[in-house]
Amino acid sequence: MFLAAALYFYRGSLAEILEGIRALSFVQLIISCLIATVFFLIEGGIVYYMAHPFESTYHWGKGIRTAYLCEFYRLLTLGSGSGFAAIYYLQKDGVPYAKGTGITMLQFVFKKIAVMILGLMGFLYLLGTPQTSQILCQYQNAMIIGCVVTILIALFMTLITVSEKIKDWLLYAIDWLEHKKPKYKQQMEKGRENLILLNDTGKELMTHKKRFLVLLGLNLMKLIVIYLIPAYILKDISVLNIPQSVMLMAIAYMLAGVIPAPSGIGSLEFVFLLFFNCFAGETYTVPAILVFRFTTWLVPFIIGGIIKMVTS
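Residue numbers (this note's numbering): 18 to 329.
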């Protein structure tokens, strides 16, 4: 039932993606899929590196499986079920529920930090590049707003994660709201529980210098990998070279992250085409972003579905 609902909801996107695939050669499609596979191998490594301190038998293969299953549930539930799936499969593999919940929330924190770093790097790098500076200046205000919003989200999540004082202030605020709005007591209790779990797990993972740097490095690496997909597809067409395309994709990805949309569908396409159409024809940019969606969205969903059937 959920699968049918998801397919119906995404029917327009699926048709567009299939149309975009036809515009590429078989070799381009395979290489794009291989690049996306590297992303999920790194994502599995991130899950492993976060879970292993709490469960010594947890290995990289389990992390990769969890990464694909999360993508399966992300599409199946229109974006809302990925976190629950991560917690469930971490617990199934021996990671305590409390730690699994904290790990899942921390993954979001690390990704936001990595998106922010690469987005800012891309903005500063391309602003100083003659080919791109004029275009970026036209959208400078929007970019600054996007950068500020992303920085604030990343900073806020980081402070919640590592600061005992911030946690205590927020717990006090939740208690006050619960007293003022008793009908939301259940939601307040859930928020209180998640806050405590995030802070407890975060202090164990983020205050350990080496572990923090490794996790941040892996998150930066996985994002650069998927940013390479449209850069590879457009490498012989766009006036930008591959590093410039990667940096422009980093900006687009950061700005798309502050535009609400189910599973991110729609917002990234809009920002991507807004920028990349300035450097390559729409005939090429549309297939590039659609194949990006195919390799990072539809293929992982299929692989996750196969894993789900095999392991059930």
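Just so it is clear, CB atoms sit at the ideal spot from N, CA and C, and this is done for glycine as well.
Tell whether a beta-carbon distance below 8 Å holds between residue i and residue j.
i: I130; j: A84; result: no
i: G119; j: D185; result: no
i: S42; j: I246; result: no
i: L222; j: M67; result: yes
i: S284; j: A267; result: no
i: A269; j: V288; result: yes
i: I177; j: L232; result: no
i: V64; j: V166; result: no
i: N294; j: T300; result: no
i: Y142; j: M264; result: yes
i: V132; j: M271; result: yes
I'd like the span of the alpha helix (DSSP H) that includes residue i, first residue to last.
i: K184; result: E181 to K197
i: N236; result: K226 to I250
i: Y105; result: S99 to K109
Could you check if residue i is buried or exposed, using at least 16 other CB atoms within 10 Å of its CB as the buried criterion?
i: S73; result: exposed
i: W193; result: exposed
i: T313; result: buried
i: F173; result: exposed
i: E88; result: buried
i: P199; result: exposed
i: S150; result: exposed
Straight-line CA distance for residue i to residue j?
i: A53; j: E195; result: 44 Å
i: I306; j: E286; result: 7 Å
i: M205; j: L215; result: 15 Å
i: G219; j: P70; result: 12 Å
i: G298; j: L51; result: 25 Å
i: L257; j: P113; result: 47 Å
When the Cα of residue i is compared with those of the options, which residue comes out closest?
i: G321; options: P113, L92, G117 and K227; result: L92
i: T94; options: V126, F318, T328 and I323; result: F318
i: G100; options: Y156, L123 and I323; result: L123
i: L58; options: I162, N236, G145 and E181; result: N236
i: W77; options: I254, Y90 and E60; result: E60
i: E210; options: L187, T175, H225 and K197; result: L187
i: V8; options: F296, F292, Y244 and L291; result: Not covered by the structure: residue 8. The range shown for the chain is 18 to 329.
What do you reckon, is the C-beta of residue i under 7 Å from a heavy atom of the ligand GTP?
i: P260; result: Absence of the ligand GTP from the depicted structure is noted, as is the absence of any ligand whatsoever, leaving it without description.
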